[in-house]
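A.B. asks: One structure follows; several queries about it will come next.
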Amino acid sequence: MLDGADIIQSKKDYDWLGPGAYFWESDPLRALEWAQWKKQRGEYENPSVIGAVIDLRNCLDLVSREDVELVKAAYEAFVEIQESAGLEIPNNRNPDGTENGDLLLCYLDCAVFRHLHRTIENDPDTEPFDTVRGMFVEGGKAFPRSGIHRRSHVQITVRNPACIKGMFFPRN
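Take any residue in the sequence shown, note its place counting from 1, add 1, and you have its number in the working numbering.
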């Protein structure tokens, strides 16, 4: 990637923020833990982390109440369409062998984001989102009676590759 190759855009049906290139915000250690976990599962050969300078541009920010309400409305419209067509509504679930109940496979969330992006793309008066940013609560509690979770992190999904201004190897 650092040599100018295209950035991999994930298009899995369980990507929690929908399709795009995924980045951890300010947490290369958590990104490396995830890559190492993927290696243990046989999905990666050489886990590593790269950094990026990202211009969020038109960002669907899930720590903004207004944007969460937009996603909620997209969910309601998605469910209505699925039910009227007699189609199943996907569920979020855990991958086999995970220790926590973190629902890492986000089929429902992904379907809602795809529906939202399609709706916006079909509206010539609405600017599509370049990025999606969200807080993912993950892992067991950091300490007893805490609301803080050990692996919580902010992720950014870049839908528009022009938002990535540069890439680098993070310092140790």
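Glycine included, each C-beta is placed from N, C-alpha and C at the ideal position.
Since the model is a prediction, treat every value here as computed from it, not as a measurement.
Spatial neighbours of R31 within its chain, please: CB distance less than 8 angstroms, with the 5 preceding and 5 following residues excluded, ordered by chain position.
C.D. replies: Translated into positions along the sequence shown, residue 31 becomes position 30. The residues are W25, R152 and H154.
A.B. asks: Rounded C-beta distance between H118 and P125? I'm assuming under 8 angstroms.
C.D. replies: Counting from one through the sequence shown, the residue named residue 118 turns up at place 117. Counting from one through the sequence shown, the residue named residue 125 turns up at place 124. The pair is not a contact, with the Cβ atoms about 15 angstroms apart (cut-off 8 angstroms).
A.B. asks: First and last residue of the beta strand (DSSP E) that includes I121?
C.D. replies: Reading the sequence shown from its first residue, position 120 is the one you call residue 121. Taken as a continuous stretch (DSSP letters only), I121 belongs to no beta strand (DSSP E), being part of the alpha helix (DSSP H) at Y108 to E122.
A.B. asks: Going by CA-CA distance only, name the one from L71, G43 and R66 that's closest to T127.
C.D. replies: Position 126 of the sequence shown, counting from 1, holds the residue named residue 127. The shortest C-alpha separation from T127 is found at L71.
A.B. asks: Where do the N-terminal and C-terminal ends of the alpha helix (DSSP H) with R39 fall, by residue?
C.D. replies: Residue 39 sits at position 38 when you count from the first residue of the sequence shown. Going by the sequence as given, residue 39 is Lys instead of Arg. Looking at the DSSP string, the run of the alpha helix (DSSP H) that includes K39 is P29 to Q41.
A.B. asks: Assuming K166 is part of the beta strand (DSSP E), what are its boundary residues?
C.D. replies: On the sequence shown, position 165 is the one that residue 166 refers to. Counting along the chain, the beta strand (DSSP E) containing K166 begins and ends at I165 to F169.
A.B. asks: So I82 is in the alpha helix (DSSP H); what residue range does that whole segment cover?
C.D. replies: Locating residue 82 in the sequence shown gives position 81, where the first residue counts as 1. Unbroken alpha helix (DSSP H) run through I82: R66 to S85.
A.B. asks: Would the beta-carbon of A22 fall within 8 angstroms of that of V133?
C.D. replies: In the sequence shown, counting from the first residue as 1, residue 22 sits at position 21. In the sequence shown, counting from the first residue as 1, residue 133 sits at position 132. No, Cβ-Cβ distance for A22 and V133 is not below 8 angstroms.
A.B. asks: For I9, count neighbouring C-beta atoms within 10 Å of its own C-beta (all shown protein chains included) and say buried if the count is 16 or more, exposed if not.
C.D. replies: Taking the sequence shown and counting its residues from 1, one reaches residue 9 at position 8. Exposed is the call here.
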